[in-house]
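Numbering (full-length UniProt numbering), first residue to last: 1 to 285.
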């Protein structure tokens, strides 16, 4: 018996609570779908990195590639604002179109690790400086340039994973990612102690999506996959007849610095493990 029953107050079933949470996530998903802002700009730094969500039942069994979901993050260091995308893999064809579309063309610096898919990424933005750190050698911050690091984005990746409570379906995963984005962009700037303002903002957003009977509200926009030809960079893709591979060999979808997966299982626990497949590293695996 809970405290509401003891005081003879109305109770809410767990099913109803779940329905309300699902409804709230739908509101966040609608607002997230309307994002069209480019990150970065003059004198600003963009950080790029992938992270991985992998689920196993009861933390048992080997992790296979089909169980792993790749999430690509784009993060502006100065604005503390990021975007996260579910992608098919880690090849240039998967990542570069998103960089071209969502990174401001006047961005000054792009920071990445030394994974093969980021080689020559400065071709996407005229005049941008591409800085790298070698994670396979334990270099997460450049000792000669403390601004050369992707640690802020990796920290944001951890917050994203904590926000994903459960992901039985792709739809639920997208809703949790949208909820994380909604909180970061519309609520967090109000501060931790200003709960009343956050609740009021959310109520106003609910009204914008559902304004009332016979009124048209804000609707969710279908976001299509961004292809190289959509943003005019198909000539920069491997296997294109004009592609220059004199300096860079495409590594399929393997990272130079390996891959450590943050595992999100069905028991809502996070563990760190390595996938079963071999990863190419400096040691020659």
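C-beta: ideal position from N, C-alpha, C; glycine also.
Here the structure is a predicted model, which is why all the values come from computation and not from measurement.
- The Cβ atoms of residue 237 and residue 228 lie closer than 8 angstroms to each other.
- Put simply, the backbone Cα of residue 26 is about 16 angstroms away from that of residue 201.
- Shown here for residue 14: not one same chain residue has a beta carbon closer than 6 angstroms to its own, the five before and five after excluded.
- Shown here for residue 106: same chain residues with a beta carbon closer than 6 angstroms to its own, the five before and five after excluded, namely 41, 42 in chain order.
- For residue 173, the three-state secondary structure derived from DSSP is helix.
- Residue 32 is positioned such that its CB atom lies closer than 8 angstroms to that of residue 181.
- Excluding its 5 nearest sequence neighbours in each direction, residue 231 has C-beta neighbours in its own chain below 6 angstroms: 97, 100, 101, listed in chain order.
- The beta carbons of residue 84 and residue 187 sit no closer together than 8 angstroms.
- For residue 95, the enclosing alpha helix (DSSP H) covers residues 92–102.
- Residues of the same chain with a CB within less than 6 angstroms of the CB of residue 68, apart from the 5 flanking positions on each side, are 52, 54 in chain order.
- For the beta strand (DSSP E) assignment, the uninterrupted runs of no fewer than 3 residues enclosed by the region 101–180 are, from N- to C-terminal side, 109–113, 129–133, 145–149.
- Rounded to whole angstroms, the separation of the alpha carbons of residue 143 and residue 34 is 40 angstroms.
- Contact between residue 132 and residue 114 holds: their C-beta atoms lie close to 5 angstroms from each other, under 8 angstroms.
- For residue 223, the secondary structure class from DSSP, reduced to helix, strand or coil, is coil.
- Nearest to residue 130 by alpha-carbon distance, out of 104, 139, 111, 196, is 111.
- Under the DSSP definition of a beta bridge, residue 73 partners with 49, 84.
- Collapsing the DSSP output to three states places residue 54 in a strand.
- Among the bridge pairs identified by DSSP, residue 39 is matched with 103.
- Across the set 174, 78, 215, the C-alpha of 174 shows the shortest separation from the C-alpha of residue 222.
- Taking residue 37 as reference, the option from 82, 17, 72, 5 with the minimal CA-CA separation is 82.
- In the structure shown, the three-state DSSP call for residue 11 is coil.
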